[in-house]
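Below you'll find the structure, written out as structure tokens, and then a few comments.
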Amino acid sequence: MKHTISVLVRNQFGVLARIAGLFSGRGFNIDSLCVAETQDPAFSRMTIVSHGDDAVLEQINKQLNKLIDVVKVTDFREVEHVTRELALIKVNTTAQTRAEIVQIVNIFRAKVIDIAPRTMTVEVTGIEEKISAMIEMFKPFGIREIARTGRVAMARK
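Every number in the working numbering is 34 more than the matching position in the sequence shown, counting from 1.
Given below as structure tokens:
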């Protein structure tokens, strides 16, 4: 089962390494990890997505709360929330395929952010399934490169 955890931490050297170490020490792989400052530069928010059973995740939540630089842990299993991901996708294009690619971009409400003679770079945001579906639509054209942020999440209330 996939789990999404938000961890508000003090913006200190080594915090990311300690949190990643906690996961690896428990044999948990981190599927995606997004970290950035909050509205207060003294704090950062980490959004961590991982697979595992509920018992191990419960133990990780308890261990996270014991770390000195951790301010708050939110396990999104128990909270109504919204999630999004951002992806940049560089797709092969020709004069003949450019219009078809732009049509796919419009259907997915994405944006063309760069055009070169043989490629087009597209920005798309949404849930993971939307981004994966768009990637599948681009595969026949040939994908040169993909950069994905991983999931970010926020409680609704």
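From the three backbone atoms N, C-alpha and C, an ideal C-beta is built for every residue, glycine too.
Alpha-carbon to alpha-carbon, residue j and residue i
i: K106; j: H85; result: 21 Å
i: E179; j: N140; result: 20 Å
i: Q137; j: D103; result: 47 Å
i: D88; j: K173; result: 35 Å
i: L91; j: N45; result: 24 Å
i: L101; j: T183; result: 25 Å
i: F77; j: M35; result: 29 Å
i: I147; j: K96; result: 42 Å
i: M168; j: A133; result: 16 Å
i: G55; j: V69; result: 16 Å
i: E71; j: M80; result: 9 Å
i: E170; j: M188; result: 27 Å
i: V49; j: Q73; result: 18 Å
i: I177; j: I149; result: 14 Å
i: N99; j: A51; result: 16 Å
i: L67; j: F175; result: 29 Å
i: H37; j: D65; result: 10 Å
i: V43; j: P75; result: 11 Å
i: A181; j: F47; result: 26 Å
Under 8 Å between C-beta atoms of residue i and residue j
i: R152; j: T127; result: yes
i: I251; j: V41; result: Because the chain is modelled from 35 through 191, residue 251 falls outside the range shown and cannot be assessed.
i: I53; j: D109; result: no
i: E114; j: K191; result: yes
i: T159; j: K124; result: no
i: E157; j: R185; result: no
N-terminal and C-terminal residue of the beta strand (DSSP E) that residue i is part of
i: I149; result: K145 to I149
i: A189; result: V186 to A189
i: R152; result: Element bounds for R152: n/a, residue is neither H nor E.
Extent of the continuous alpha helix (DSSP H) run through residue i
i: A167; result: E162 to F172
Extract the residue ranges of the beta strand (DSSP E) inside the stretch 35-77, only unbroken runs of 3 or more that lie entirely within it. 36-44 and 64-71
At what residue ranges does the stretch 82-110 contain a whole run of the alpha helix (DSSP H), taking only runs of 4 or more? 88-100
Would you say the stretch 51-63 touches the stretch 116-127, given that touching needs at least three Cβ pairs under 8 Å? no
If you scan the stretch 106-142 from start to end, which runs of the beta strand (DSSP E) of 3 or more residues do you find wholly inside it? 115-126
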